[in-house]
Amino acid sequence: MFEVFTPLSGGAPILLQLPSHRPVLLLIFAASLMPLQLAAQVQSKPPAVPLSESILARIPADYRAEAGAKVKQPEEVQQQAEKMPDAELVATVLHVLGDMPSESAFLLDRLAKDPSATLRIDLIQALDKHWHEGQDLSALESHASSDPDVSVSLAAVEMLKTVRIDSLSRLLNTRLGTAVAAGDIHSAGLVLDEQKLLQQTRYGIAFPAFMRVPPPLFSVAPASKPIRVLAFGDFGTGSAAQKQTAAAMVAYHQAHPFDFGLTLGDNFYPRGMTSPDDPRWQTQWEQLYGPMHLPFYAVLGNHDWSGADSPAAEILYSAKSQNWHMPAPYYTFTAGSVQFFAFDTPAVDEAELKWLDEELTKSTAQWKVVFGHYHIYSATRGDNKELIARLLPILKKDHVDVYLNGHDHNLQELKPEGTVHFFVSGGGGAGLYEMNPYDRSIFRQKVNGFTVLEADSKTLAISFIGTDGSELYRRTLTK
1 MFEVFTPLSG GAPILLQLPS HRPVLLLIFA ASLMPLQLAA QVQSKPPAVP LSESILARIP
61 ADYRAEAGAK VKQPEEVQQQ AEKMPDAELV ATVLHVLGDM PSESAFLLDR LAKDPSATLR
121 IDLIQALDKH WHEGQDLSAL ESHASSDPDV SVSLAAVEML KTVRIDSLSR LLNTRLGTAV
181 AAGDIHSAGL VLDEQKLLQQ TRYGIAFPAF MRVPPPLFSV APASKPIRVL AFGDFGTGSA
241 AQKQTAAAMV AYHQAHPFDF GLTLGDNFYP RGMTSPDDPR WQTQWEQLYG PMHLPFYAVL
301 GNHDWSGADS PAAEILYSAK SQNWHMPAPY YTFTAGSVQF FAFDTPAVDE AELKWLDEEL
361 TKSTAQWKVV FGHYHIYSAT RGDNKELIAR LLPILKKDHV DVYLNGHDHN LQELKPEGTV
421 HFFVSGGGGA GLYEMNPYDR SIFRQKVNGF TVLEADSKTL AISFIGTDGS ELYRRTLTK
């Protein structure tokens with residue numbers, strides 16, 4: 001999957017996507033060090049200086065002079081770049097060069113001559129912008145059909161696929177604009193659905209339609225029972241931060257027992273799970289959260305949707321685990337005085353929206369909580385125009401009380417609209433994101449942590465808890 005990230009302070013959108021030839025690749029300094037760059041946009045921007053000698057010494061000789069002459073970054077950014085492994089550092093520097101139109105000829109020449117298959121793959125990725133402008137695609141086609149190394153050929157094919165799918169997406173965007181201008185919401189929804197199908201094609205996702213069918217409403221706790229619920233997103237990295245945050249959840253649970261948990265997507269990085277037998281189910285899930293012996297109800301994030309087999313793998317793992325439950329990408333259940341609605345934000349279609357509207361309308365619960373991955377409002381990414389247009393009207397019409405999401409790696413509360421209160425809980429263990437001045441902010445903190453929901457028939461309390469177990473913030477709703 002991909003998304004367009006537009007900084008709140010302006011500037012060109014950044015297309016974030018996961019490349020196919022290595023698990024993690026930092027596409028450009030602006031994306032690889034996003035928190036630093038976002039902070040720089042709202043504070044005084046530090047001066048950019050030429051790359052340090054220590055960085056240049058790690059760049060292959062044929063690229064060193066060009067990088068030294070053309071690439072400039074603030075010292076703080078360079079200090080973080082020096083911590084990268086050599087391969088990622090080289091790829092990142094090449095991507096910076098690739099974003100400079102004046103360097104296209106140099107990089108194309110190196111693509112034709114470089115004996116290293118790894119560097120040729122990096123060059124293909126670095127020239128992403130050049131290819132997407134429709135330039136020199138014959139060179140890309142040549143590598144796809146006749147490069148001596150099959151891995152380079154496959155990287156070229158993957159790039160050609162994304163270029164051509166993105167070209168089709170631009171045509172659909174034109175059609176979408178026509179529908180929106182005419183107020184034709186139905187046609188706009190159909191176009192958006194087709195765009196999502198294109199992206200599934202792009203990443204080779206095979207997801208049977210029957211697996212998108214939600215089960216009937218089910219219950220996990222009696223209506224009269226007060227409940228305490230754990231919620232968090234953006235966690236499955238295997239990092240020290242994930243382990244520390246998980247340990248804090250376990251400690252909190254021992255003192256204040258939860259009834260069950262929710263995951264808010266981006267459950268496993270960088271491209272979800274490969275199968276229900278992926279060994280990371282043990283190292284990044286069972287070993288960390290299993291000690292709580294809780295049932296968790298999960299939704300998919302964009303990283304979960306970015307692997308060809310991940311959506312199906314995460315649903316099918318439900319049959320193998322006592323604590324992982326994902327019966328479908330979207331579903332609803334009751335617990336105490338709350339009805340929860342799991343919503344699949346990265347792959348919203350008209351059928352899902354219709355289902356949500358109907359289920360919310362039928363609900364007689366005291367509290368209605370919708371949880372998903374993408375934000376509607378956030379001080380990191382700003383307004384999510386698609387969900388504001390398609391999802392928010394349903395939430396407002398049907399008097400939803402809470403919309404809870406991950407995606408942005410921090411903790412936030414945003415100003416409510418009508419009855420709908422907005423919370424971001426993306427501090428589960430992935431790298432943290434900065435936040436910008438935003439007129440909808442009520443609370444925000446760049447920390448790892450998790451959310452606790454406590455509900456009875458009269459109150460619904462939402463708390464943010466830090467990794468030291470302290471309560472960072474609390475909001476209590478009453479009826």
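Residue numbers (our numbering): 1 to 479.
Just so you know, even glycine gets a beta-carbon here, dropped at the ideal spot from N, CA and C.
Buried or exposed for residue i, please, with buried defined as at least 16 other CB atoms from any protein chain shown within 10 angstroms of its CB.
| i | result |
| --- | --- |
| residue 38 | Bear in mind that the predicted position of residue 38 carries a pLDDT of just 37, short of 50, making it too unreliable to give a figure here. |
| residue 388 | exposed |
| residue 86 | exposed |
| residue 257 | exposed |
| residue 168 | exposed |
| residue 424 | buried |
| residue 76 | exposed |
| residue 130 | buried |
| residue 468 | exposed |
| residue 346 | buried |
| residue 293 | exposed |
| residue 337 | buried |
| residue 43 | For residue 43, the pLDDT reaches just 46, beneath the cut-off of 50, and the residue's location in the model is therefore unreliable, leaving the point undetermined. |
| residue 210 | exposed |
| residue 214 | buried |
| residue 174 | exposed |
| residue 333 | buried |
| residue 191 | buried |
| residue 181 | exposed |
| residue 222 | exposed |
| residue 464 | buried |
| residue 128 | buried |
| residue 287 | exposed |
| residue 451 | buried |
| residue 434 | buried |
| residue 103 | buried |
| residue 33 | Confidence at residue 33 is low in this model, with a pLDDT of 40, below 50, so the placement of that residue is unreliable and no value is reported for it. |
Give the C-beta separation of residue i and residue j to the nearest angstrom, bearing in mind that I take them to be a contact with Cβ-Cβ under 8 Å.
| i | j | result |
| --- | --- | --- |
| residue 344 | residue 400 | Wrong, their Cβ atoms sit about 16 Å apart, outside the cutoff. |
| residue 482 | residue 455 | Because the chain is modelled from 1 through 479, residue 482 falls outside the range shown and cannot be assessed. |
| residue 405 | residue 245 | Their Cβ separation, rounded to whole angstroms, is 17 Å, which puts residue 405 and residue 245 out of contact at 8 Å. |
| residue 301 | residue 186 | About 28 Å; that fails the 8 Å criterion. |
| residue 330 | residue 352 | 5 Å |
| residue 144 | residue 126 | Residue 144 to residue 126, Cβ: 17 Å. No contact. |
| residue 483 | residue 60 | The question about residue 483 has no answer here: the residues shown for the chain are numbered 1 through 479. |
| residue 269 | residue 236 | 6 Å |
| residue 266 | residue 379 | Not a contact, Cβ separation roughly 18 Å. |
| residue 453 | residue 220 | Not quite, the Cβ-Cβ distance comes to about 13 Å (not below 8 Å), so this is no contact. |
| residue 427 | residue 260 | Not quite, the Cβ-Cβ distance comes to about 20 Å (not below 8 Å), so this is no contact. |
| residue 396 | residue 372 | The pair is not a contact, with the Cβ atoms about 16 Å apart (cut-off 8 Å). |
| residue 350 | residue 193 | 6 Å |
| residue 556 | residue 376 | It is not possible to answer for residue 556, since the shown part of the chain is limited to 1 through 479. |
| residue 205 | residue 305 | 7 Å |
| residue 107 | residue 119 | 10 Å between Cβ atoms; not a contact. |
| residue 283 | residue 309 | Wrong, their Cβ atoms sit about 18 Å apart, outside the cutoff. |
| residue 459 | residue 472 | Residue 459 to residue 472, Cβ: 19 Å. No contact. |
Considering only DSSP beta bridges, list what residue i is partnered with.
| i | result |
| --- | --- |
| residue 462 | 453, 475 |
| residue 347 | Partner(s): none; residue 347 has no beta bridge. |
| residue 404 | 371, 423 |
| residue 334 | 219, 339 |
| residue 355 | In the DSSP output, where bridge partners are listed per residue, residue 355 has none listed. |
| residue 229 | 260, 453 |
| residue 417 | 420 |
| residue 72 | 50 |
| residue 324 | 296 |
| residue 445 | 411 |
What do you reckon, is the C-beta of residue i under 8 Å from a heavy atom of the ligand MG?
| i | result |
| --- | --- |
| residue 226 | The ligand MG is not part of the structure shown, which contains no ligands of any sort. |
Please go through the region 245-304 and give each complete beta strand (DSSP E) segment of 3 or more residues, from N-terminal end onward.
260-263, 296-298
Worksheet entry | Touch test, the region 412-425 against the region 436-446, Cβ-Cβ under 8 Å, three pairs minimum | yes
| field | Meets three-Cβ-pair contact criterion under 8 Å: the region 310-327 and the region 272-283 | value | yes
Checklist entry - Along the chain, which unbroken stretches of the beta strand (DSSP E) at least 3 residues long are found entirely within the region 148-180? => result none
List in chain order: all unbroken alpha helix (DSSP H) runs of 4+ residues lying wholly within the region 112-146. 117-126, 128-132, 137-146
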